[in-house]
Amino acid sequence: MSSYTEHVTRVLTEDREHPGLGTVAVLTFAPPEGEERRPATLGPRSIEAVTGAIATALDRAEAGEIQAIAMTGTGRVFLAGADLSMFADPTAVANVEAMNRAMHDLQIRVRTSPVPVLAHLNGAALGGGLETALMADVRTAAPGVRGLGLPETGLGILPGWGGTTLLQSVVGPEAAVRMILEDPARDKQISADQALEDGLVDELADDLDEALDQFAALVAAHVDLDETDADVVDPALAATAAEAPSSAPGAWAGREAPLPGVDTPEAEALLDALDAAHGSAETRRTWAARLEAQGAPAVGRALALLQALPGSTLSEALAREATALEDLVRSDAAAASMYSAELLRRGKPGRSPVDGARELRRVGVAGAGLMASQIAAQLALGLQVPVVMRDLDTEIAAKGLAAARDVVARTAARGTLDEAAAAQITENLSATTDLQELAGCDLVLEAVPEVLTIKKSVFAELESVLAEDALLVTNTSSLSVARMAEDLAHPERVVGLHFFNPVAKMPLVEVIHTEATDEATLATGLEVVRRLKKFAVRSADAPGFIVNRLLFRVLGAVLASVDGGADPAEVDPSLDALGLPMRPFALLDLVGLAVADHVGQVLVDELGDRFHASPGLSVMVEKNAHFTERSKTSVHPPVSPTVAEAFGTEPSDAAAAPVGDALLERVQDGLAEEIALMLASGVVERPEQVDLALILGAGFPRHRGGVTPYLDSSGASQRAVGRTFHGEMFTGRG
């Protein structure tokens, strides 16, 4: 039985008279009545409504009743594309074939329309929404519109309603390949300005009236073309035109063939775009192959469709597109990708303040080092209140202030902050060595060295000058927040906000609550994260919290293998199938070896020998060495010879020093065991919290759905703990 409930998109229709066009049938896509805050999306019934309305307009055009068709949307959305909740329902996925057929039939029919078609993008047009706009002969967009793109390959599927086939004829091969293959992997959508530059839209127009005027001017440019010069596209379309009544007008003369011929410059440009570099160390083809090896076939399937376009008829290309989409929607990667997309949608910062949060008029940061200055800048940008940094050292305080103000300047340089606002935020930042300067703060966050005695001392010092209801916040990455607060008179006003480095780019903040933390303090911590436009994931006070606890379970297994005598060069690639953004040794270098050594030891002390304190890592710290060497020619940096020297390579049995699949399975089982323990002990309440935290804080691949769907589908959760985290949701797709 299906659990999917569709919110059916309406199509509002009206005729407008335009002096340069004649009668224009205007089709306006709108969400269901009474649900105006929802975007208009495309489910099975919505597809029927949209294709039916366009088909009716085409009938009228062929009957000579109208001279043009225009499509637009309502509010801030043109058409938001496929309803993702449909793809998450195994029963509802059966509708995809009929939806494909309806959209493809319409794409073909529109090519023979006797009147020109306009799509005015009043707002976001994503996925199937943008593919609907690709049917049009002319596209305009309102200035300031954002959210234009084809995100499908990032969701484990591909643009299967004409996008993979038609986009290259609109924006050219290079921009099309970028938009279909690479932009989704970067979470990138384009603006109206970029769309104009790429050729996705022909003009910018403030509203539909202006768009119709520009449409009329563009149509007039084609008025002298003889209809016999129009390229009807392919034999299938010619046949469609031939079947029309003899009195019916021919296809509008302004259209061009959408697919390149064989051995044409356009075909060569398309192949060149597919072979182009992806980053500095691989091509788009090799990148697609690497993703497929990691369980993400969508980019490779889309690339193959693009490669097959030259010489195809439109009908042939769309048929291949439909087959590929129908295959992908039933794949493990699509199920997991849709799950992670829904996690991110539900977890994103809300628009409304958190209930019960206290007002913050002035905040402080204890410390002025690298992390402290980054956090201070984000607090100033997000809260827009005075932020004072305090450090014992005058020079460090001055450097920290300069670094924080530089973050504000760089934010303004990107155009996301106007000059006046940037000046005010810069003025709001200050630094001092005087503890009394923090006395009037409503919240002070400590970002001092990761040593419990130092942090307790800072908290005691702050409590002596702050009001009783002022919040004390720690940015600790692994230490006990409760132990930090145990000697305070008011431990209830202590909360942890664990930011990740680099603070400006990393979207996750772990919000750590102790048994003593009161509701107002927790609510205020969550509100701070919301106003910084970051994702908050709640965790109980436990060693390593969520991300570091699980990352160090992984890194501990890797280091234990090298400590056991395994070849470092064999160990490092053993986890490639996980699809993490970097290999373990590169991650250790990024974290910092001294930090990794410290956190590893803390977790062993607190949680026992499930974790691993590595003697070899300690030697690497003493040598001030790195695990990897820099390289511009390889996807993964090569392993430094220093690793083998520091760890030694005494031969040992495979059980003590696994590599390859054996090490991967050990890591999988260790993660499943650790997550089960975290759930059982209340560190987190639901597996979804773990998945969201690892996606945002560790780059766990979205096509895996996060870590718990991956552990279910790989069999690790069943092997390690005798059950799955999500029932049969990720185990029954084959």
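For the sequence shown, the working numbering begins at 590 and goes up steadily by one. Ideal Cβ positions, reconstructed from N, Cα and C, are used throughout, including at glycine.
In the structure shown, what three-state DSSP assignment does Glu606 receive?
The answer is strand: DSSP assigns Glu606 an E or B state.
May I have a chain-ordered list of the alpha helix (DSSP H) segments no shorter than 4 residues that lie completely inside the segment 1120–1144?
Within the segment 1120–1144, no complete alpha helix (DSSP H) run reaches 4 residues.
Phe1236: first and last residue of the uninterrupted alpha helix (DSSP H) it sits in:
Phe1236: member of the alpha helix (DSSP H) spanning Pro1230 to Phe1236, first to last residue.
For Leu661, which of Ala691, Arg649, Ala619 and Gly641 has the nearest alpha-carbon?
Note on residue identity: the sequence assigns Thr, not Leu, to residue 661. Proximity to Thr661 across Ala691, Arg649, Ala619 and Gly641 peaks at Ala619, based on C-alpha coordinates.
Exposed or buried, Pro886, counting other C-beta atoms within 10 Å across all chains shown (16 or more means buried)?
Under the 10 Å beta carbon count, Pro886 is surrounded by 16 or more other beta carbons and is classified as buried.
Under the DSSP definition of a beta bridge, which residues are partnered with Thr1063?
DSSP, once it has assigned bridges, lists Glu1035 and Gly1085 as partnering Thr1063.
Within this structure, are the beta carbons of His1315 and Pro1298 separated by less than 8 Å?
Judged by their CB atoms, His1315 and Pro1298 are nearer to each other than the 8 Å cut-off.
Scan the segment 1161–1209 and note each continuous beta strand (DSSP E) run of 3 residues or more that stays entirely inside, going in chain order.
The qualifying runs do not exist here; there are none.
Could you tell me whether the Cβ atoms of Ala1036 and Val954 are closer together than 8 Å?
Cβ atoms of Ala1036 and Val954: closer than 8 Å.
Three-state secondary structure assigned by DSSP to Ala806
Helix.
Quick one: what does DSSP say Gly1249 is sitting in, helix, strand or coil?
Helix, per DSSP.
In chain order, each beta strand (DSSP E) run of at least 3 residues that lies wholly inside the segment 714–753
For the segment 714–753, whole beta strand (DSSP E) runs of length 3 or above, ordered along the chain, are 727–730.
Contacts around Ser835, its chain only, beta-carbon distance under 6 Å, and the 5 residues preceding and following it disregarded
At Ser835, the pLDDT of 39 sits below 50, so the modelled position is not reliable; the number obtained from the coordinates is stated separately. Correct list: empty, nothing qualifies.
Quick check: the Cα distance between Asp818 and Asp852, rounded to an integer number of angstroms?
Only weak support exists for where Asp818 lies, its pLDDT of 45 falling under 50; the value from the coordinates is given anyway. A straight line joining the alpha-carbon of Asp818 with that of Asp852 spans about 22 Å.
If Ala1282 sits next to Val1136, beta carbons under 8 Å apart, how far is it from one beta carbon to the other, in whole angstroms?
Cβ-Cβ separation between Ala1282 and Val1136: approximately 5 Å, consistent with a contact (criterion under 8 Å).
Is it the case that the Cβ atoms of Ala1059 and Val1100 are separated by a distance below 8 Å?
Cβ atoms of Ala1059 and Val1100: not closer than 8 Å.
If we ignore side chains and look at the alpha-carbon of each, how far apart do Arg874 and Ala810 end up?
About 40 Å.
Which stretch, first to last residue, makes up the beta strand (DSSP E) that contains Met660?
It spans Ala657 to Thr661 - the beta strand (DSSP E) in which Met660 sits, taken as one unbroken run.
Taking DSSP as the reference, what is the three-state secondary structure of Met688?
Met688: helix per DSSP, three-state reduction.
Phe1216 (DSSP reduced to helix, strand or coil)
Phe1216: coil per DSSP, three-state reduction.
Is the separation between the beta-carbon of Ala1049 and that of Asp1023 shorter than 8 Å?
The beta carbons of Ala1049 and Asp1023 sit no closer together than 8 Å.
Sequence-distant residues of its chain with Cβ nearer than 8 Å to Ala870 (five each side left out)
Within its own chain, the residues whose Cβ lies closer than 8 Å to the Cβ of Ala870, once the five positions on either side in sequence are excluded, are Ser1220, Lys1221, Thr1222, Ser1223 and Val1224, listed in chain order.
For Ser992, which three-state DSSP category applies?
What sits at residue 992 in the sequence shown is Ala, not Ser. Here Ala992 sits in helix by DSSP.
Output needed for Phe1141: all residues of its chain with C-beta closer than 7 Å, excluding positions within five of it in sequence on either side, in chain order.
Excluding sequence neighbours, Phe1141 sits near Gly1133, Val1188, Gly1189, Leu1192 and Phe1200.
Roughly how many angstroms separate the alpha carbons of Asp820 and Gly751, rounded to a whole number?
With a pLDDT of 43 at Asp820, under the threshold of 50, the modelled position of this residue cannot be trusted; read the value that follows with caution. Between Asp820 and Gly751, the C-alpha separation is close to 19 Å.
DSSP-derived helix/strand/coil call for Gly843:
Three-state result, Gly843: coil.
Proximity to Ala923 [Cα-Cα], best of Phe667, Gln1307, Met675 and Thr594
Ala923 has its Cα closest to that of Met675, out of Phe667, Gln1307, Met675 and Thr594.
Under 8 Å, do Leu1148 and Gly1205 count as touching if we go by C-beta distance?
A contact, by the Cβ cut-off of 8 Å.
Name the residue from Asp726, Gln973, Ala961 and Val1118 whose alpha carbon lies nearest to the alpha carbon of Ala842.
Checked all of Asp726, Gln973, Ala961 and Val1118; the closest Cα to Ala842 is Asp726.
Short of 7 Å in beta carbon distance, which residues of its chain neighbour Gly956, apart from the five on each side in sequence? Order them along the chain.
Leaving aside the five residues that flank Gly956 on each side, the residues in its chain whose CB is nearer than 7 Å to its CB run, in chain order, Asp980, Glu1035, Ala1036 and Val1037.
Taking only runs that begin and end inside the segment 842–919, name each unbroken alpha helix (DSSP H) of 4 or more residues, in chain order.
854–864, 873–882, 887–896 and 903–918, all fully within the segment 842–919.
Does the contact criterion of 3 or more C-beta pairs under 8 Å hold for the segment 1294–1312 versus the segment 1263–1277?
By the C-beta criterion, the segment 1294–1312 is judged to be in contact with the segment 1263–1277, since at least 3 inter-stretch pairs fall below 8 Å.
Cβ-based neighbour list, Val1092, same chain, cut-off 6 Å, excluding 5 preceding and 5 following:
Gln963, Ile964 and Gln967, listed in sequence order.
To the nearest angstrom, how far is the alpha carbon of Ser635 from that of Asp648?
Spanning the two alpha carbons is a distance of roughly 20 Å.
My guess is that Thr729 and Gln803 are in contact by the Cβ rule of under 8 Å, so how many angstroms apart are they, rounded?
Sure, about 6 Å apart at Cβ, within 8 Å.
Which residue's Cα is closest to the Cα of Ala765: Pro1162, Ala865, Arg1072 and Ala669?
Of the candidates Pro1162, Ala865, Arg1072 and Ala669, the residue whose Cα lies closest to the Cα of Ala765 is Ala865.
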